Amino acid sequence: LSMAGRRILLAVLLVVVQLAGGGVSASHVLELNNTNVDAALSHGVWLLEFYAPWCGYCRRLEPVYEEVAEELTDHFIKVGRVDGSAFKALSARFGVEGFPSIFHVNNGDVRKYKGERSKDALVQYATGDFAKQPVSFSPTFSPLGFLGRAFGQVLELSVALQEHYEKLRKHLKLSHPWALGLVALATAVIGSIMGIVISIIFPERDAPRPAAAARKRD
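The numbering of the sequence shown is the numbering used here, which starts it at 307 and goes up by one.
Spelled out as structure tokens, the structure:
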């Protein structure tokens with residue numbers, strides 16, 4: 307190549323490198339799912355969003371949420387999100403009723419955000435006093451507590467049965483009534499087992515007798 311040709315080639319290569327470098331930007335928002343969410347949220351402070359790819363509100367929030375995540379790195383607060391449409395059991399476990407839903411998590415304790423979806427509002431909320439935020443879940447039934455995780459396993463099984471119902475029915479060569487009956491039976495058995503476990507771990511206290519209650523009032 308001539309000297310002019312080499313210069314043109316070098317200029318083109320530089321442009322390509324710049325474009326490639328500019329097109330690759332590391333996101334500060336971590337993608338979580340049903341396999342890593344418990345381990346991730348058990349420690350540290352998090353801002354967590356449940357979204358759906360088809361949700362217009364979620365798409366509008368995405369660049370704002372990325373800016374929030376970038377700013378919160380200076381406060382040692384991690385920012386994550388879960389595709390709630392793909393992980394339905396996880397959404398149900400957190401009580402998600404619509405998208406986007408945002409939660410503040412502090413060492414496994416969960417609060418639900420109900421404010422504006424602006425950058426300033428989200429940053430102020432995430433960096434504020436966690437103890438003063440309204441309680442969203444009781445400690446017993448927190449999504450990240452023992453019962454919350456157990457409930458999550460039941461939900462995962464229920465979703466799996468729904469998604470693979472037809473395959474299981476054909477594999478076992480069952481009619482629809484028999485297959486539905488087995489699904490209902492399995493759900494009832496699992497629910498009963500959970501009820502027994504809950505009653506053992508958290509036994510119900512006996513109600514005070516009338517005489518004892520009268521003596522306390524006296």
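Glycine included, every Cβ here is placed at the ideal spot set by N, Cα and C. No experiment lies behind these values; they were computed from the predicted model shown.
Annotation for cysteine 364: Tyr357, Ala358, Phe405, Pro406 place their beta carbon closer than 7 angstroms to its own, counting only its chain and skipping 5 residues before and after. Taking 8 angstroms as the cut-off, the beta carbon of asparagine 340 is found closer than this to the beta carbon of phenylalanine 393.
Counted as a single uninterrupted DSSP element, the beta strand (DSSP E) harbouring aspartate 415 occupies residues 415 to 418. It is roughly 5 angstroms from the alpha-carbon of glycine 414 to the alpha-carbon of serine 348. Close CB contacts of serine 424 within its chain, under the 8 angstroms cut and outside five residues either way in sequence, are with Val370 (chain order).
Of the candidates Ser391, Arg387, Ala395, the residue whose Cα lies closest to the Cα of histidine 410 is Arg387. Between phenylalanine 447 and valine 416, the C-beta spacing is not below 8 angstroms. Bounds of the alpha helix (DSSP H) holding serine 397 are 394 to 399.
Just so you know, the alpha carbons of alanine 395 and proline 449 end up roughly 11 angstroms apart.
Rounded to whole angstroms, the gap between the alpha carbons of phenylalanine 382 and threonine 433 is 10 angstroms. Within the model, the alpha-carbon separation for alanine 427 versus valine 441 is close to 19 angstroms. Residues of the same chain with a CB within less than 7 angstroms of the CB of tyrosine 419, apart from the 5 flanking positions on each side, are Ile408, Phe409, His410, Tyr431 in chain order. Per DSSP, reduced to three states, the secondary structure at glycine 434 is coil, with no helix or strand assignment.
Beta-bridge partners assigned by DSSP to asparagine 412: Val351, Asp415.
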